[in-house]
C-alpha cells in the first residue's frame, strides 16, 4: 500500500564511533539554530544551540558546526552510545521571526552495541 | 532540572468537540509556544505567546485555535471544534527569551474520532 509520512535519512553506527548528522537550511536570514533529540513517544529534547556569529560550539560529547556560506549545519556526537539512538532534528528561526522554529526533516540514528 | 509539563498525556475526543490542552512552562520563562507533530511528520510551529498576547502564529493556527495564560503558571491551547486532521502530538515549549533555547514538554497525543 502507499506509505505516508517522512522517509527519514538513517545513520547506523557502532557503539564508540563518532556520528555526524547533517542539516541544510535555505533562509539566509536564519541566525539561530538548535539541535534536538527525539526518542519514540517523547518530546524534542534540547541538545545544543548556536548563533550565526559562531562557526562552532561544543557541549558534552557534542559539537555543532555552522557553515553560513553553504547554509549547512552539522551535529557531531563523540563516542556514540546506545542511548544516543533517536531521531535528531535541526531547527532554525526565520528571517523576520524571532520565535518560530522551523524543523528539519530529521535523521534516525541507530547505535549498534 | 526544571522541565515543561503537559496534561493530559493522551486525549481522545469526537469530531466537533472542544478540547483544552494544558501546559506548565518552566517557571522563569517568558515566551511560550505550541507546536504539533502529525504521526511520522516534522514538528510544525503553531503559535508563540509573550506578554499575554500572541506574538506570531502559523497558517495552521486558524480561528478554531486559541491560547490563554489563565494564571501565572498554566498555558493552554484550545481547539473549539476538532476535526479528524487535528489528530497529532501537541507539544508545548517555553524559553527565557529570544534565541535562548526552546524547551519542549512531553506532548499530548490528541486523537479525534
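Residue numbers (my numbering), protein chains in the order written: chain R, 85 to 197; chain W, 2 to 114. Yeah, the Cβ is synthetic: ideal placement off N, Cα and C, and Gly gets one too.
At a CB distance below 7 Å, what residues from the segment 84 to 103 of chain W approach chain R? Give them in sequence order.
Under the 7 Å Cβ criterion, the segment 84 to 103 of chain W contributes 92, 99, 100, 102 and 103.
CA-CA distance, residue 115/R and residue 146/R?
Roughly 20 Å separates the two Cα atoms.
Taking only beta-carbon atoms, is residue 111/W less than 9 Å away from chain R?
For residue 111/W, the answer is no, since every Cβ of chain R falls outside 9 Å of its Cβ.
Kindly indicate which residue of 84/W, 44/W and 109/W has the alpha-carbon position closest to the one of residue 19/W.
The option with the nearest alpha carbon to residue 19/W is 84/W.
Do the segment 121 to 139 of chain R and the segment 23 to 30 of chain W make contact, defined as three or more Cβ pairs closer than 8 Å?
No, the segment 121 to 139 of chain R does not touch the segment 23 to 30 of chain W.
CB-CB under 6 Å to residue 117/W, same chain, minus the five flanking residues each way: which ones, in chain order?
With chain W running from 2 to 114 in the structure shown, residue 117/W is simply not present.
Would you grab the beta carbon distance between residue 148/R and residue 119/R for me? Rounded to a whole angstrom, and I think it's under 8 Å.
Their Cβ separation, rounded to whole angstroms, is 6 Å, which keeps residue 148/R and residue 119/R in contact under 8 Å.
With DSSP collapsed to three states, give me the class of residue 40/W.
Residue 40/W sits in coil when the DSSP states are folded into three classes, being neither helix nor strand.
Taking a contact to mean a Cβ-Cβ separation below 9 Å, would you say residue 140/R touches residue 172/R in this structure?
It is not a contact, given that the beta carbons lie outside the stated cut-off.
Taking only beta-carbon atoms, is residue 135/R less than 9 Å away from chain W?
Chain W contact via Cβ: present.
Which chain R residues sit within Cβ distance under 8 Å of residue 107/W?
Within chain R, the residues near residue 107/W are 126 and 127.
Neighbour flag for residue 152/R against chain W, beta carbons, 9 Å:
Chain W contact via Cβ: absent.
Does DSSP classify residue 60/W as helix, strand or coil?
If DSSP states are grouped into helix, strand and coil, residue 60/W belongs with coil.
Contact check, residue 113/W vs residue 7/W, beta carbons under 9 Å:
Pairing residue 113/W with residue 7/W gives a Cβ-Cβ distance that is not under 9 Å.
For the beta strand (DSSP E) that residue 27/W lies in, which residues bound it at each end?
Here residue 27/W belongs to no beta strand (DSSP E), and DSSP marks it neither H nor E.
Residue 170/R versus residue 196/R - alpha carbon distance:
In a straight line, the C-alpha of residue 170/R is about 12 Å away from that of residue 196/R.
Quick one, which of 94/R, 100/R, 111/R and 91/R has its alpha-carbon nearest residue 53/R's?
Outside the modelled stretch of chain R, which goes from 85 to 197, sits residue 53/R, for which no answer is possible.
Counting only C-beta atoms, is residue 175/R closer than 9 Å to chain W at any point?
By this cut-off, residue 175/R is an interface position.
Could you check if residue 164/R is buried or exposed, using at least 16 other CB atoms within 10 Å of its CB as the buried criterion?
That one is buried.
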